[in-house]
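Input: a single structure, listed below in structure tokens.
Protein chains: 2
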Amino acid sequence: MDISVLHNSILFKGFDDTEIAELLKALNAAEKKYNKGAMIFSSGEITDKLCFVTAGGVTIESNDMWGNRTILNLVGKGQFFAESYALLPDVPMLVDVCAAEDCSIVFLSMKSLADLNDTIRARLLANLLTITTRKNLHLSSRSFHTAPRQVRGRIMAYLNTVSVQKHSREFDIPFDRQQLADYLNVERSVLSNELSKMQRDGLIRCRKNHFEII
Amino acid sequence: MDISVLHNSILFKGFDDTEIAELLKALNAAEKKYNKGAMIFSSGEITDKLCFVTAGGVTIESNDMWGNRTILNLVGKGQFFAESYALLPDVPMLVDVCAAEDCSIVFLSMKSLADLNDTIRARLLANLLTITTRKNLHLSSRSFHTAPRQVRGRIMAYLNTVSVQKHSREFDIPFDRQQLADYLNVERSVLSNELSKMQRDGLIRCRKNHFEII
DNA sequence: GAAAGTATGTTGTAATTACAACATTTTGGG
DNA sequence: CCCAAAATGTTGTAATTACAACATACTTTC
Chain A
1 MDISVLHNSI LFKGFDDTEI AELLKALNAA EKKYNKGAMI FSSGEITDKL CFVTAGGVTI
61 ESNDMWGNRT ILNLVGKGQF FAESYALLPD VPMLVDVCAA EDCSIVFLSM KSLADLNDTI
121 RARLLANLLT ITTRKNLHLS SRSFHTAPRQ VRGRIMAYLN TVSVQKHSRE FDIPFDRQQL
181 ADYLNVERSV LSNELSKMQR DGLIRCRKNH FEII
Chain B
1 MDISVLHNSI LFKGFDDTEI AELLKALNAA EKKYNKGAMI FSSGEITDKL CFVTAGGVTI
61 ESNDMWGNRT ILNLVGKGQF FAESYALLPD VPMLVDVCAA EDCSIVFLSM KSLADLNDTI
121 RARLLANLLT ITTRKNLHLS SRSFHTAPRQ VRGRIMAYLN TVSVQKHSRE FDIPFDRQQL
181 ADYLNVERSV LSNELSKMQR DGLIRCRKNH FEII
């Protein structure tokens, strides 16, 4: 198991190596590998597992019965997912979680939280609170990216956010075209088309997933 | 101040009346009234206040420079808002908060959390965690309501959710037409038009904000 | 380095939505 | 009860998007 990534995670902030090792044991930490495209959770499942990405990345997505996919979030190395479902263990998942690329996930049983002593649990809960509040902001930002009614507006809203995050007008995005389309809730072909127009209009330059805002 | 609503809130679950009274003092609880349409927070503001609705309701919304409104959430009596910003006090708000109707809000200073004793703080943090995880699920559900590409799909996705929540095919929704349109991210006139068609098609019946799924 | 497979770009048409303008209904005072 | 204001419904047209079909480019594997 890749310990160093976990040690630097928000969850274990303020804990020393010994404590982390004990916690991993107490929470029944188990790592599992998935190939690109594999489904980690399906809509309707129940889980008490807090999940941590030690390698690769996963998409949180909703797939309707007509095969339309909506990507709500992309969770990369060093980040958590399913925290809401782990902490509210009677709520069935509303989403699917899929491996966006080959990846490794560590599962931590939140049911076992109850067995921890008060001090440790309090510190963990405080860190969990940070995780959930940040996740909230993440979910909100997707709403801003999909708020514009037109495709160009959505692309710009998204690219601007990434640009601000990376402190640069030039950056890579973590999505391929199909994923970006599913994230922005537009057709892939319409997205490709609009990106071409935006380049012709001198708004952006892009090649694969490298973008520059002009 | 309307104490009873606060006493039944998730935040104070497990606390007795004396403790709550002390906490309200320690967190500098202050109530303020707003008229319908008033702006409670504007995008870009910084706050450390956890906000609780004691009467009426507020909308969490994003307003772009062309006057387009997107409603992310409607927060009613007995619920909290701004918890993410209160707990991450350097993050400027991405949203506006407006009074959807005449309302009263209690503001609780999260900065003052640090002054509480460990036990009390731990219990509060655990309750805050419940608030943020539930808010996460709420934000997710809006994503499902706006996921369908077509207006009819969005309306049905939303109405189905409400129907399940209320355990009935007949129910009231908390939105007027303009709010529902801004929540589903569609034009008001298109929404009205589609609702008419859906009635003609025998899918639903509705009058004002009372709906029935057939 | 050729072939197969995957990802991305392009185009045309049908369907849908945006927007504006106006009609009708409902609501809240006076 | 009437009026004014607000909310909701209706309609037509221009603009945009969905969808399918295909072209091109890039990757991977043998």
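From first to last, the protein sequence lines are chains A and B. Under the numbering used here, read the first sequence as residues 1 to 214, first letter to last. Under the numbering used here, read the second sequence as residues 1 to 214, first letter to last. Backbone N, C-alpha and C fix where the C-beta goes; we use that ideal spot for every residue, glycine too. The structure presented is a predicted model; accordingly, all values stated were derived computationally and were not measured.
Exposure label - Thr47(A); buried when at least 16 CB within 10 Å: Here residue 47(A) is taken as the residue at index 47 of the first sequence, counted from 1. Residue environment: Thr47(A) is assigned as buried (16 or more neighbouring CB atoms within 10 Å of its CB, all protein chains considered).
Within-9 Å CB hit, Ser109(B) to chain A: Your numbering for residue 109(B) matches position 109 in the second sequence. No - not a single Cβ of chain A is within 9 Å of the one on Ser109(B).
Cβ neighbours of Val95(A) in the same chain (closer than 8 Å, five flanking residues each side left out): As a first step, residue 95(A) must be located in the first sequence, where it is residue number 95. Non-local C-beta neighbours of Val95(A) in its own chain, meaning closer than 8 Å and more than five positions away in sequence, comprise Phe41, Ser43, Ile60, Glu61, Ser62 and Leu72, ordered along the chain.
Asp17(B) versus Ala114(B) - alpha carbon distance: Mapped onto the second sequence, residue 17(B) falls at position 17. Mapped onto the second sequence, residue 114(B) falls at position 114. Asp17(B) and Ala114(B): Cα-Cα distance of roughly 21 Å.
Contact set between the region 129–146 of chain A and chain B, restricted to residues whose Cβ is under 8 Å from the partner: For the region 129–146 of chain A, the residues whose beta carbon sits under 8 Å from a beta carbon of chain B are, in order, Leu129, Thr130, Thr132, Thr133, Arg134, Lys135, Asn136, Leu137, Leu139, Ser140, Ser141, Arg142, Ser143, Phe144 and Thr146.
Residue-chain proximity (Arg149(A), chain B), Cβ-Cβ < 9 Å: Within the first sequence, the letter at position 149 stands for residue 149(A). Closer than 9 Å: yes.
Beta-carbon spacing of Ser84(B), Asn28(B) below 9 Å: Within the second sequence, numbered from 1, the residue matching residue 84(B) stands at position 84. Within the second sequence, numbered from 1, the residue matching residue 28(B) stands at position 28. No, these two residues do not count as a Cβ contact at 9 Å.
Interface flag, Asp48(A) vs chain B, CB-CB below 9 Å: Locating residue 48(A) in the first sequence gives position 48, counting from the first residue. At least 9 Å separates the CB of Asp48(A) from every CB of chain B.
Residues in the region 67–94 of chain B having any Cβ partner in chain A nearer than 8 Å: Answer set for the region 67–94 of chain B: Asn68, Thr70, Leu72, Glu83, Ser84, Leu87, Leu88, Val91 and Leu94.
Inter-stretch contact (C-beta, 8 Å, three-pair minimum) for the region 119–126 of chain B and the region 136–145 of chain B: Not touching, per the Cβ criterion.
Sequence ranges, alpha helix (DSSP H) only - wholly within the region 171–213 of chain A, length at least 4: Restricted to the region 171–213 of chain A, the alpha helix (DSSP H) segments that are unbroken, complete and at least 4 residues in length are 177–184 and 188–200, listed in chain order.
Buried or exposed (CB count within 10 angstroms, at least 16 for buried), His223(B): Because chain B is modelled from 1 through 214, residue 223(B) falls outside the range shown and cannot be assessed.
9 Å Cβ cutoff met for Gly57(B) and Gly76(B): Counted from its first residue, the second sequence places residue 57(B) at position 57. Counted from its first residue, the second sequence places residue 76(B) at position 76. Taking C-beta atoms as the reference points, Gly57(B) and Gly76(B) count as a pair closer than 9 Å.
Whole beta strand (DSSP E) elements within the region 4–47 of chain B, 3-residue minimum: Here the runs fully enclosed are 30–34 and 39–41.
Exposed unless 16 or more other CB atoms sit within 10 angstroms - verdict on Met65(A): Stepping through the first sequence from its first residue, residue 65(A) is reached at position 65. It is exposed - the Cβ of Met65(A) has fewer than 16 other Cβ atoms within 10 Å.
Neighbour list for Ser62(B) in chain A, Cβ cutoff strictly below 8 Å: Position 62 of the second sequence holds residue 62(B). For Ser62(B), the chain A residues whose Cβ falls inside 8 Å of its Cβ are Ser143, Phe144 and Ala147, in order along the chain.
is_contact[Asp172(B), chain A] using C-beta, thresh 9 Å: As a first step, residue 172(B) must be located in the second sequence, where it is residue number 172. It does not; no Cβ of chain A falls within 9 Å.
When Thr132(A), Met93(A), Lys49(A) and Asn35(A) are compared against Cys103(A), the one with the closest alpha-carbon: In the first sequence, residue 103(A) corresponds to position 103, counting from 1. Answer by Cα proximity: Asn35(A).
Chain B contact residues for Asn185(A), given Cβ-Cβ distances below 8 Å: On the first sequence, residue 185(A) is found 185 positions in, with the first residue counted as 1. Chain B residues near Asn185(A): Thr146, Ala147 and Arg149.
Alpha carbon of Ile173(A) to alpha carbon of Ser192(A), nearest angstrom: Sequence index remark: in the first sequence, residue 173(A) carries index 173 (1-based). Sequence index remark: in the first sequence, residue 192(A) carries index 192 (1-based). So the alpha carbons of these two residues sit roughly 15 Å apart.
N-terminal and C-terminal residue of the alpha helix (DSSP H) that Arg134(A) is part of: Numbered from its first residue, the first sequence carries residue 134(A) at position 134. Counting along the chain, Arg134(A) sits inside the alpha helix (DSSP H) bounded by residues Asp118 to Thr146.
Distance, Glu212(B) Cα to Asp201(B) Cα: Walking along the second sequence from the start, residue 201(B) turns up at place 201. Walking along the second sequence from the start, residue 212(B) turns up at place 212. Distance between the alpha carbons of Asp201(B) and Glu212(B) is about 13 Å.
Assigned exposure category for Arg154(B) - 16 Cβ within 10 Å defines buried: Here residue 154(B) refers to the residue found at position 154 when the second sequence is read from its first residue. The residue is buried, with at least 16 neighbouring Cβ atoms inside 10 Å.
Inter-residue Cα distance where the pair is Phe80(A) and Ala26(A): Taking the first residue of the first sequence as position 1, residue 80(A) is located at position 80. Taking the first residue of the first sequence as position 1, residue 26(A) is located at position 26. Looking at the two C-alpha atoms, the distance is approximately 18 Å.
Contact the region 170–188 of chain B vs the region 202–210 of chain B: 3+ CB pairs below 8 Å: At 8 Å Cβ cutoff, the stretches touch.
Gly57(A) - partner residues in DSSP beta bridges: Here residue 57(A) corresponds to residue number 57 of the first sequence, with the count starting at 1. According to DSSP, which records beta bridges pairwise, Gly57(A) is partnered with Gly76(A).
Where Ile99(B) sits in the DSSP three-state scheme: Along the second sequence, read from residue 1 onward, the residue named residue 99(B) stands at position 99. Per the sequence presented here, residue 99(B) reads as Ala, with Ile not at that position. Ala99(B) falls in the strand class under three-state DSSP.
C-beta contact flag for Leu11(B) and Ile131(B) at 9 Å: As a position in the second sequence, residue 11(B) is number 11, starting the count at 1. As a position in the second sequence, residue 131(B) is number 131, starting the count at 1. Inclusion of Leu11(B) and Ile131(B) in the CB contact set at 9 Å is warranted, their separation being smaller than that value.
Between the CA atoms of Asn127(A) and Ala195(B) - distance to the nearest angstrom: Here residue 195(B) refers to the residue found at position 195 of the second sequence. Here residue 127(A) refers to the residue found at position 127 of the first sequence. For the record, residue 195(B) in the displayed sequence is Leu; it is not Ala. The alpha-carbon of Leu195(B) is positioned some 45 Å away from that of Asn127(A).
Endpoints, alpha helix (DSSP H) assigned at Arg152(A): In the first sequence, the residue the question calls residue 152(A) occupies position 152. Start and end: Val151 to Lys166.
For Ala30(A) and Ile105(A), the rounded distance between their alpha carbons: On the first sequence, position 105 is the one that residue 105(A) refers to. On the first sequence, position 30 is the one that residue 30(A) refers to. For Ile105(A) and Ala30(A), the gap between their C-alpha atoms comes out near 8 Å.
Endpoints, alpha helix (DSSP H) assigned at Leu113(A): Reading the first sequence from its first residue, position 113 is the one you call residue 113(A). The continuous stretches of alpha helix (DSSP H) do not include Leu113(A), and DSSP gives it neither H nor E.
Beta-carbon proximity of Leu116(A) to Leu129(B), cut-off 9 Å: Taking the first sequence and counting its residues from 1, the one referred to as residue 116(A) is at position 116. Taking the second sequence and counting its residues from 1, the one referred to as residue 129(B) is at position 129. No, Cβ-Cβ distance for Leu116(A) and Leu129(B) is not below 9 Å.
Neighbouring residues, chain A, relative to Ala126(B) (Cβ below 7 Å): In the second sequence, counting from the first residue as 1, residue 126(B) sits at position 126. Near Ala126(B) (Cβ distances below 7 Å), the residues of chain A are Leu125.
Ser109(B) versus Ala21(B), Val190(B), Lys49(B) and Gln178(B), residue with shortest Cα-Cα distance: Your numbering for residue 109(B) matches position 109 in the second sequence. Ranking the options by Cα distance to Ser109(B), first place goes to Lys49(B).
Ala100(A) and Cys51(A) closer than 9 Å at C-beta: Looking up residue 100(A) in the first sequence gives position 100. Looking up residue 51(A) in the first sequence gives position 51. Not a contact, by the Cβ cut-off of 9 Å.
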